[in-house]
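S.K.: Below is a structure I'd like to ask you about.
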Amino acid sequence: MNKKIEKAFNDQINEELFSYYLYLSMSAWFSTKNFEGFAAWMKAQAKEEMVHAMKFFDHIQERGGTVKLQPIKGPKTEWKSPLEAFQESLKHEKHITGCIEKLVKLSMAENDFASNSMLNWFIDEQVEEEASVGLMVEHMKMVSDSTGALFMMDREAGKRGAAK
Ligand code: OFO
7 MNKKIEKAFN
17 DQINEELFSY
27 YLYLSMSAWF
37 STKNFEGFAA
47 WMKAQAKEEM
57 VHAMKFFDHI
67 QERGGTVKLQ
77 PIKGPKTEWK
87 SPLEAFQESL
97 KHEKHITGCI
107 EKLVKLSMAE
117 NDFASNSMLN
127 WFIDEQVEEE
137 ASVGLMVEHM
147 KMVSDSTGAL
157 FMMDREAGKR
167 GAAK
């Protein structure tokens with residue numbers, strides 16, 4: 007496997023595992039605040055991040071490369087409000103979109119067609135992730151002054167968690 011791509015994909019495994027940690031940490035925090043629906047939503051999100059990490063893991067191995075796992079930095083453990091947590095999630099997803107775009111550029115520069123093809127899935131996935139987190143942020147801004155509406159939203163969010 008192309009060594010530059012192998013290194014960049016190993017770094018991306020770490021980004022995805024950090025995403026897993028971050029959303030799991032948000033899930034734990036929501037649970038302590040009795041927002042069980044948001045906690046379930048974030049846990050479902052975390053599970054998706056593990057799937058993302060494994061896609062890079064499997065691709066490296068299938069191409070004859072070597073997976074080298076790196077330390078995962080500790081995520082934040084507290085947020086001021088549900089809105090702040092979802093805003094951080096959106097900011098993080100935009101960062102990940104930037105990482106994926108850099109990988110696409112690298113795969114093109116290195117003429118690595120197989121990696122380029124595999125990364126197309128992530129381009130589509132990031133559009134979906136930014137949209138779903140962005141919608142949560144917008145809805146949360148609308149209800150921020152109403153505890154009752156926030157609890158309704160929490161209940162709705164729990165359905166996503168249960169569906170995954
Ligand atoms: Fe949330 O998309 Fe992977 O990191």
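Its first residue numbered 7, the sequence shown is counted upward by one per residue in the working numbering. Just so it is clear, CB atoms sit at the ideal spot from N, CA and C, and this is done for glycine as well. This one's a predicted model, so the numbers in the text were calculated from it and none came from an experiment.
1) In three-state terms, what does DSSP make of residue 64?
2) Please list, in chain order, all residues of the same chain as residue 8 whose beta carbon is under 7 Å from its beta carbon, the five residues on each side excluded.
3) Are there three or more Cβ pairs, one per stretch, closer than 8 Å when the region 9-29 is compared with the region 83-91?
4) If you count every other CB in all the chains shown that lies within 10 Å of the CB of residue 55, and 16 or more means buried, which is it?
5) Buried or exposed: where does residue 43 fall if 16 or more other Cβ atoms within 10 Å of its Cβ makes it buried?
6) For the alpha helix (DSSP H) holding residue 17, just list the boundary residues, first then last.
7) Which ranges would you report for the alpha helix (DSSP H) in the region 48-122 if only whole runs of at least 4 residues count?
8) Within 8 Å of any Cβ in chain B, is that where the Cβ of residue 130 sits?
9) Does DSSP put residue 44 in a helix, in a strand, or in coil?
10) Would the C-beta of residue 102 count as close to ligand 1, meaning under 7 Å from any of its heavy atoms?
11) Are residue 73 and residue 66 closer than 8 Å when you measure CB to CB?
12) For residue 141, count neighbouring C-beta atoms within 10 Å of its own C-beta (all shown protein chains included) and say buried if the count is 16 or more, exposed if not.
13) Could you give the distance in angstroms between the alpha-carbon of residue 120 and the alpha-carbon of residue 107?
14) From 132, 51, 11 and 146, pick the residue whose C-alpha is nearest to that of residue 70; which is it?
15) Just checking my contact of residue 160 with residue 41 at CB under 8 Å: how many whole Å lie between their CB atoms?
16) Please report the straight-line C-alpha distance between residue 157 and residue 139, rounded to a whole angstrom.
M.R.: The answer reads as follows:
1) Looking up residue 64 in the sequence shown gives position 58. In the structure shown, the three-state DSSP call for residue 64 is helix.
2) Reading the sequence shown from its first residue, position 2 is the one you call residue 8. Hits under 7 Å: 116 and 118.
3) Too few Cβ pairs lie closer than 8 Å, so no.
4) Translated into the one-based positions of the sequence shown, residue 55 becomes position 49. Taking all protein chains in view, the Cβ of residue 55 is crowded by 16 or more other Cβ atoms within 10 Å, so the residue is classified as buried.
5) Position 37 of the sequence shown holds residue 43. The residue is buried, with at least 16 neighbouring Cβ atoms inside 10 Å.
6) Taking the first residue of the sequence shown as position 1, residue 17 is located at position 11. Segment 9-38, the alpha helix (DSSP H) holding residue 17.
7) Runs found: 88-115.
8) The structure shown contains no chain B, having only a single protein chain.
9) As a working note, residue 44 is residue 38 in the sequence shown. Secondary structure at residue 44: helix, using DSSP grouped into helix, strand and coil.
10) Indexing the sequence shown from 1 puts residue 102 at position 96. For ligand 1, at least one heavy atom lies less than 7 Å from the Cβ of residue 102.
11) The sequence position of residue 73 within the sequence shown is 67, counting from 1. The sequence position of residue 66 within the sequence shown is 60, counting from 1. Their beta carbons are under 8 Å apart, which means residue 73 touches residue 66 by this criterion.
12) To locate residue 141, count along the sequence shown from 1; it is residue 135. Residue 141 should be labelled exposed.
13) The residue given as residue 120 occupies position 114 in the sequence shown. The residue given as residue 107 occupies position 101 in the sequence shown. Near 16 Å, if we compare the C-alpha coordinates of residue 107 and residue 120.
14) Residue mapping note: residue 70 aligns to position 64 of the sequence shown, counting from 1. Residue 11 is the option with its Cα nearest to residue 70.
15) Locating residue 160 in the sequence shown gives position 154, where the first residue counts as 1. Locating residue 41 in the sequence shown gives position 35, where the first residue counts as 1. Residue 160 to residue 41, Cβ: 5 Å. Contact.
16) The residue labelled residue 157 in the question sits at position 151 within the sequence shown. The residue labelled residue 139 in the question sits at position 133 within the sequence shown. Going from the Cα of residue 157 to the Cα of residue 139 covers about 18 Å.
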